[in-house]
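Down below is the structure, laid out as structure tokens.
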Amino acid sequence: MFLDRLQQTCLTQPEKVAVEVIEATVTTQRVTYGELEQTVLQTMAMLRAKGVTPGDRVALQLPKCLAFVYLHLAIMRLGAIALPLNPAYPARELAYFLEDAEVRLLFADRQVRDTVLPLLHHLPALHECIFVGCEGEDAFDRLLAPYQPADAVAVPLPTDPNATCLMIYTSGTTGRPKGAELTHGNLTANLASLHTAWGWRNDDVLLHVLPLFHIHGLLVALHGALYAGATTLLMTRFEPAHALDLLVKRPCSVFMAVPTIHRRLVDAPAAAGVSLRHMRLITSGSDRLPDDLFAQFEAHFGVRLLERYGMSEAGMILSNPLHGERRIGSVGLPLPGVEVRIVDPETEAPQPDNVVGEVQVRGANVCKGYWRQPEKTAAAFTPDGWFRTGDLGLREPDGYFTLKGRAKDLIISGGYNVYPPEVELALAEHPAVEASAVIGCPDVEWGEQVVAIVVQRAGAKVDEAALIAFCRARLAVYKAPRRVIFVDALPRNPLGKVQKAQLRSKFCG
Ligand code: MCA
Numbered sequence: 000m001f002l003d004r005l006q007q008t009c010l011t012q013p014e015k016v017a018v019e020v021i022e023a024t025v026t027t028q029r030v031t032y033g034e035l036e037q038t039v040l041q042t043m044a045m046l047r048a049k050g051v052t053p054g055d056r057v058a059l060q061l062p063k064c065l066a067f068v069y070l071h072l073a074i075m076r077l078g079a080i081a082l083p084l085n086p087a088y089p090a091r092e093l094a095y096f097l098e099d100a101e102v103r104l105l106f107a108d109r110q111v112r113d114t115v116l117p118l119l120h121h122l123p124a125l126h127e128c129i130f131v132g133c134e135g136e137d138a139f140d141r142l143l144a145p146y147q148p149a150d151a152v153a154v155p156l157p158t159d160p161n162a163t164c165l166m167i168y169t170s171g172t173t174g175r176p177k178g179a180e181l182t183h184g185n186l187t188a189n190l191a192s193l194h195t196a197w198g199w200r201n202d203d204v205l206l207h208v209l210p211l212f213h214i215h216g217l218l219v220a221l222h223g224a225l226y227a228g229a230t231t232l233l234m235t236r237f238e239p240a241h242a243l244d245l246l247v248k249r250p251c252s253v254f255m256a257v258p259t260i261h262r263r264l265v266d267a268p269a270a271a272g273v274s275l276r277h278m279r280l281i282t283s284g285s286d287r288l289p290d291d292l293f294a295q296f297e298a299h300f301g302v303r304l305l306e307r308y309g310m311s312e313a314g315m316i317l318s319n320p321l322h323g324e325r326r327i328g329s330v331g332l333p334l335p336g337v338e339v340r341i342v343d344p345e346t347e348a349p350q351p352d353n354v355v356g357e358v359q360v361r362g363a364n365v366c367k368g369y370w371r372q373p374e375k376t377a378a379a380f381t382p383d384g385w386f387r388t389g390d391l392g393l394r395e396p397d398g399y400f401t402l403k404g405r406a407k408d409l410i411i412s413g414g415y416n417v418y419p420p421e422v423e424l425a426l427a428e429h430p431a432v433e434a435s436a437v438i439g440c441p442d443v444e445w446g447e448q449v450v451a452i453v454v455q456r457a458g459a460k461v462d463e464a465a466l467i468a469f470c471r472a473r474l475a476v477y478k479a480p481r482r483v484i485f486v487d488a489l490p491r492n493p494l495g496k497v498q499k500a501q502l503r504s505k506f507c508g
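Residue numbers for the sequence shown follow numbering that gives the first Met the number 0, beginning at 0 and rising by one.
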């Protein structure tokens, strides 16, 4: 499994650099595979002393830094469950995740102290919250100081592939976010598949610019490099000029990003005259890659982007090939070991080629279900084990798949999923809001922009800025509307359902 393989790498190439932390373009920390193993053991000893046992949920609301990497690996190696959380979550969202997952231990950034402290009394399962900063990591070093790697060296590696090791919260069209339970087996299947498909190499150098609290940055990028025994350059913050400088000067061989980031690279003044032809693999995912961006990237940097498709519940599902045709507008072919089919959304009968239907996936990469939500888990799978992605697509006769939209009401902004019902619920709490409908309008930079169409209560008065601020206090900033449009009434069908397509064609213009 992944952790066995990583331990093997740590033992066989202890001198090799595993992770370098980079601020702007300067390396601030460097850890070898040998040091990684020792510090992960020390972290496991600390976690055990704090009472963490297999199956416990340990949440990480930390910025990108080594403490995150050590904790994440140590939690999984103890048989516990890592729950990475966006540091941008305001108190309300954070409280929900901590409560729903019955988190035992929370590691949070010192910067979110004021957000977190008031919550603690309301969370009986939470034994402790430990604040660690990432600047220089001194708080984390002090935390580990009393423990030795030897204290945890006898802890066996997890052996049950069906044991959950990672929980990623995703939302849906109804209800609150749910925790997708990913197992050791899921992670390993996905990594083995990507290793083959993308030809990961031991001498690869990955420039890592994504957040660590999502599948893309955590599993596909960081785990991918660790699984290969490669080196990760962990940029603490994406900045186009710095990223380009590192891609060329280090030089890097692998880069993974979302379309918004690729767009910023192409548009950066620093991109003039830059070639990335030395790079082996540059992927794009988490959102549809616009055709014009695909072409511009190639014209500019001399590299054809490799577009792939995945989701939190299933990791990576489809990918354009490393060798062979990278087809514009297509998300490629099923990854090794992954089955993909297109079905009629109503009857679930398999569709012939070139006919649009729901994309369904089956394989060892697919999560075992949603945390403590047996009904939602049952609803997400067909009786014969296919996972219903909620995305629409078609299969071409030569096996390439193309996405054609979403069956679910979902907005993707800069690679982050935004579920309109969550935003609508937040808006509904405002006393001046009678009704609202949240839509995604096409946006060159972000892919889609969150726009709220609002009906005010009679006699109430609220302006756009106030409603945006209201949402920002309740939701992570990327979920808050960027625009609010006031209307007298929402268009509804005879059953009372808001006609979002009409709103999109009227207001997205
Ligand atoms: C930041 N802001 C955003 C977003 N990101 N608003 C909408 N959508 C966003 N994605 C806010 C900031 O908080 C800020 O708010 C303002 O927009 C401008 O911020 P800026 O400094 O320009 O943004 P940034 O901090 O540079 O971030 C942009 C980013 C980031 C680097 C593109 O959004 C990012 O890292 N996206 C990647 C997301 C990702 O990894 N997704 C994978 C999900 P203010 O107004 O307060 O200044 S996993 C997944 O989807 C599946 C499994 C898959 O297939 O991969």
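Ideal Cβ placement from N, Cα and C applies to all residues, glycine included.
Report all residues from its chain with a CB closer than 8 Å to the CB of residue i; omit the five preceding and five following residues, and keep chain order.
{"i": "ARG491", "result": "VAL497 and GLN498"}
{"i": "LEU534", "result": "Residue 534 falls outside the range modelled here, since the chain spans only 0 to 508, and no answer is possible."}
{"i": "SER170", "result": "PRO176, LYS177, ASN416, TYR418, PRO420 and GLU421"}
{"i": "ARG109", "result": "PHE130, VAL131, GLY132 and ALA138"}
{"i": "ILE327", "result": "ASP290, PHE293 and ALA294"}
{"i": "ARG481", "result": "GLN448, VAL449, VAL450 and ILE467"}
{"i": "PRO268", "result": "ALA240"}
Does the distance from the C-beta atom of residue i to that of residue j stay below 8 Å?
{"i": "LEU225", "j": "LEU211", "result": "no"}
{"i": "MET75", "j": "TYR146", "result": "no"}
{"i": "THR163", "j": "GLU180", "result": "yes"}
{"i": "ARG47", "j": "ALA149", "result": "no"}
{"i": "GLY284", "j": "GLU312", "result": "no"}
{"i": "VAL302", "j": "LEU275", "result": "yes"}
{"i": "VAL51", "j": "LEU104", "result": "yes"}
{"i": "GLU338", "j": "ARG361", "result": "yes"}
{"i": "LEU205", "j": "THR235", "result": "no"}
{"i": "THR388", "j": "VAL358", "result": "yes"}
{"i": "LEU292", "j": "VAL257", "result": "no"}
{"i": "LEU193", "j": "LEU2", "result": "no"}
{"i": "LEU489", "j": "ALA436", "result": "yes"}
{"i": "GLY404", "j": "LEU391", "result": "yes"}
{"i": "LEU426", "j": "VAL453", "result": "yes"}
{"i": "ASN161", "j": "CYS366", "result": "no"}
{"i": "LEU156", "j": "ALA81", "result": "no"}
Nearest to residue i by alpha carbon, out of the options?
{"i": "GLY314", "options": "ALA434, ALA191, GLN372 and GLU374", "result": "ALA191"}
{"i": "CYS128", "options": "LEU474, SER329, VAL154 and GLN60", "result": "GLN60"}
{"i": "CYS64", "options": "ALA229, ASP137, LEU321 and CYS470", "result": "ASP137"}
{"i": "HIS215", "options": "ASP286, HIS277 and HIS183", "result": "ASP286"}
{"i": "GLY54", "options": "ALA100, ALA465 and VAL16", "result": "ALA100"}
{"i": "LEU143", "options": "ARG29, ALA73 and THR52", "result": "ALA73"}
{"i": "LEU125", "options": "GLU297, ALA348 and ARG56", "result": "ARG56"}
{"i": "ALA348", "options": "THR24, PRO382 and VAL330", "result": "PRO382"}
{"i": "TRP370", "options": "VAL102, SER435 and THR231", "result": "VAL102"}
{"i": "ASP113", "options": "VAL437, PRO86 and GLN6", "result": "PRO86"}
{"i": "MET0", "options": "PRO430, ALA188, VAL39 and PHE386", "result": "ALA188"}
{"i": "GLY398", "options": "GLY331, PRO493 and VAL365", "result": "GLY331"}
{"i": "THR182", "options": "HIS429, LEU122 and LEU218", "result": "LEU218"}
{"i": "VAL154", "options": "ALA81, ILE167 and LEU77", "result": "LEU77"}
{"i": "HIS429", "options": "ARG473, THR42, GLU14 and LEU502", "result": "ARG473"}
{"i": "LYS460", "options": "PHE485, ALA479, GLN6 and ARG481", "result": "PHE485"}
{"i": "VAL11", "options": "GLY414, GLU22, THR31 and VAL273", "result": "In the sequence under discussion, the amino acid at residue 11 is Thr, which differs from the Val named in the question. Minimum Cα distance to THR11 is reached at THR31."}
{"i": "GLU22", "options": "ILE281, LEU233, THR38 and LEU122", "result": "LEU233"}
{"i": "ARG456", "options": "ASP487, MET43 and ALA196", "result": "ASP487"}
Could you name the residues of the same chain whose beta carbon sits closer than 7 Å to that of residue i, not counting the 5 residues immediately before and after it, in chain order?
{"i": "ILE260", "result": "VAL208 and PHE237"}
{"i": "ARG394", "result": "ILE341, ASP352 and PHE400"}
{"i": "GLU447", "result": "ILE410, ILE411, SER412, GLY439, CYS440 and PRO441"}
{"i": "ASP343", "result": "GLN350 and GLY356"}
{"i": "THR24", "result": "HIS241, ASP244 and LEU245"}
{"i": "ARG29", "result": "VAL16 and GLU19"}
{"i": "GLY198", "result": "LEU321"}
{"i": "HIS277", "result": "PRO250"}
{"i": "ARG4", "result": "TYR226"}
Identify, in the order they occur along the chain, each residue of the same chain with its Cβ nearer than 6 Å to the Cβ of residue i, setting aside the five sequence neighbours on each side.
{"i": "GLU463", "result": "VAL483"}
{"i": "TYR88", "result": "ALA475"}
{"i": "ARG510", "result": "Given a span of 0 to 508 for the chain in the structure shown, any question on residue 510 remains unanswerable."}
{"i": "TYR308", "result": "ILE316, LEU317 and VAL330"}
{"i": "THR26", "result": "GLU19"}
{"i": "ARG471", "result": "ALA479"}
Should residue i be listed as close to the ligand PLP, given that the test is whether its C-beta is under 7 Å from any heavy atom?
{"i": "TRP385", "result": "Summarising the ligand content, the structure contains the ligand MCA and does not contain the ligand PLP."}
Below 6 Å from a heavy atom of the ligand MCA - residues by beta-carbon: LEU209, PRO210, HIS213, ILE214, HIS215, GLY216, PHE237, VAL257, THR259, ILE260, GLY284, SER285, GLY309, MET310, SER311, SER412, GLY413, GLY414, TYR415, TRP445, VAL476 and TYR477
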